[in-house]
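To keep things clear, I will list the structure first and then write my remarks on it.
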Amino acid sequence: MSTIKIGLIQMGLKADTDQQPAAIRDAMNEAHLPWIEKAAQAGVQVLCFQEVFNQPYFCPSQDSKWYAAAERVPEGPTCKMMQALAARHRMVIIVPVFEEEAPGIYYNTAAVFDADGSYLGKYHKTHIPQVAGFWEKYFFKPGQSNWPVFDTAYGKIGVYICYDRHFPEGWRALALNGAEIVFNPSATVAGLSQYLWELEQPASAAANGYFVAAINRVGNEAPWHIGEFYGSSYIANPCGQIEARASRDEDELLIHDVDLNMVREVRNTWQFFRDRRPETYRRLTDGE
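Below, the structure written as structure tokens:
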């Protein structure tokens with residue numbers, strides 16, 4: 001299968017943040033159901049949501065209340081629901097959630113379910129920011145997932161989460177592990193890094209010769225008000241061209257067909273993998 005249909009869902013928060021995390025989770029999961037059904041009716045084969053899709057972006061706080069938002073993967077209620085939907089709709093679903101791996105050990109995670117509902121594995125966000133408004137190290141342990149690529153019914157996919165996208169090494173590692181499409185679920189606000197939103201990821205797609213699907217939430221989340229989550233989810237091809245783009249400020253399902261034959265064509269044209277010189281790059285990994 002060379003052409004596959006990708007779906008990306010961007011969404012604003014559907015519950016007040018003074019509610020308990022379980023109530024917010026249920027409201028957000030419920031809000032996604034009609035969009036998932038719409039994706040299924042449109043023939044979407046691979047579907048992805050935004051970073052920690054069924055909670056607010058709670059990292060402007062350092063409030064232990066939000067530890068209760070964490071779920072087990074794949075045993076938790078959200079994963080079980082998405083696993084059933086994946087099987088029902090013959091759809092690969094990438095599910096970014098706040099994970100409790102063990103008591104007191106939490107990750108920013110994306111679980112991947114294949115089109116038959118089987119659990120293929122998970123990716124843990126590798127690079128964790130710790131600056132004002134983004135106190136992520138209070139909540140998330142840095143991942144060491146070894147850059148998994150999931151061989152799904154429709155293609156080989158990788159996941160890189162939000163802040164990860166600023167680090168080129170992971171993009172390349174996913175390419176070397178065989179990724180044809182890399183999904184980057186995000187929670188990104190207008191401001192300092194906004195101009196990078198449509199710079200870094202298309203550049204990474206071109207540098208590595210694969211498709212990149214970038215998903216961002218929308219709206220402004222109280223009580224933190226760190227800025228506007230500006231949506232603008234998109235899909236970039238292996239030439240670094242944006243082929244499809246969502247709105248800035250609305251809930252939306254972005255659907256687009258990608259031709260995986262383009263991965264081979266672009267790599268054969270540019271031959272970046274042939275010409276790379278890893279033996280000269282050792283300083284990049286020696287800790288300096």
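Just so you know, the sequence shown maps onto residues 1 to 288 in UniProt numbering.
Ideal Cβ positions, reconstructed from N, Cα and C, are used throughout, including at glycine.
None of the values given here were measured: they were computed from a predicted structure.
{"query": "7 Å Cβ cutoff met for residue 107 and residue 141", "result": "yes"}
{"query": "Beta-carbon contacts of residue 128 that lie in its chain and below 6 Å, excluding the five residues immediately before and after", "result": "136, 137, 140 and 142"}
{"query": "Own chain partners of residue 122 with C-beta closer than 6 Å, once the 5 adjacent residues on each side are dropped", "result": "73, 109 and 111"}
{"query": "Same chain only: Cβ atoms within 6 Å of residue 374, ignoring 5 sequence neighbours per side", "result": "Residue 374 cannot be examined here, being either before or after the span of the chain that is shown, 1 to 288."}
{"query": "Residue 48: first and last residue of the uninterrupted beta strand (DSSP E) it sits in", "result": "46–48"}
{"query": "Residue from 180, 126 and 232 with nearest C-alpha to residue 165", "result": "126"}
{"query": "Three-state secondary structure (DSSP) of residue 225", "result": "coil"}
{"query": "Residue(s) in a DSSP beta bridge with residue 96", "result": "110"}
{"query": "Own chain partners of residue 94 with C-beta closer than 6 Å, once the 5 adjacent residues on each side are dropped", "result": "48, 110, 112 and 183"}
{"query": "Start and end residues, beta strand (DSSP E) containing residue 216", "result": "211–216"}
{"query": "Through-space distance from residue 247 to residue 233, alpha-carbon basis", "result": "7 Å"}
{"query": "Between the CA atoms of residue 117 and residue 84 - distance to the nearest angstrom", "result": "6 Å"}
{"query": "Residue range of the alpha helix (DSSP H) that includes residue 78", "result": "77–89"}
{"query": "Best match in 191, 154 and 52 for proximity to residue 259 [C-alpha to C-alpha]", "result": "154"}
{"query": "Top-ranked residue by Cα proximity to residue 281, from 242, 239, 193 and 169", "result": "169"}
{"query": "Length of the line joining the Cα atoms of residue 252 and residue 161", "result": "20 Å"}
{"query": "Best match in 208, 243, 227 and 213 for proximity to residue 291 [C-alpha to C-alpha]", "result": "The structure shown does not extend to residue 291, since the chain is modelled only from 1 through 288, so no value can be given for it."}
{"query": "Start-to-end residues for the beta strand (DSSP E) that takes in residue 150", "result": "149–152"}
{"query": "Three-state secondary structure (DSSP) of residue 251", "result": "coil"}
{"query": "Bounding residues of the beta strand (DSSP E) (the contiguous stretch that carries residue 276)", "result": "Element bounds for residue 276: n/a, residue is neither H nor E."}
{"query": "Endpoints, the alpha helix (DSSP H) within which residue 266 is located", "result": "261–270"}
{"query": "Of the residues 3, 213, 222 and 249, the one placed nearest residue 59, counting alpha carbons only", "result": "222"}
{"query": "For residue 103, the three-state DSSP class (helix, strand or coil)", "result": "coil"}
{"query": "Sequence-distant residues of the same chain with beta carbon closer than 7 Å to residue 40, five excluded per side", "result": "89 and 91"}
{"query": "Contact set for residue 262: own chain, Cβ-Cβ below 7 Å, skip 5 residues either direction", "result": "237 and 238"}
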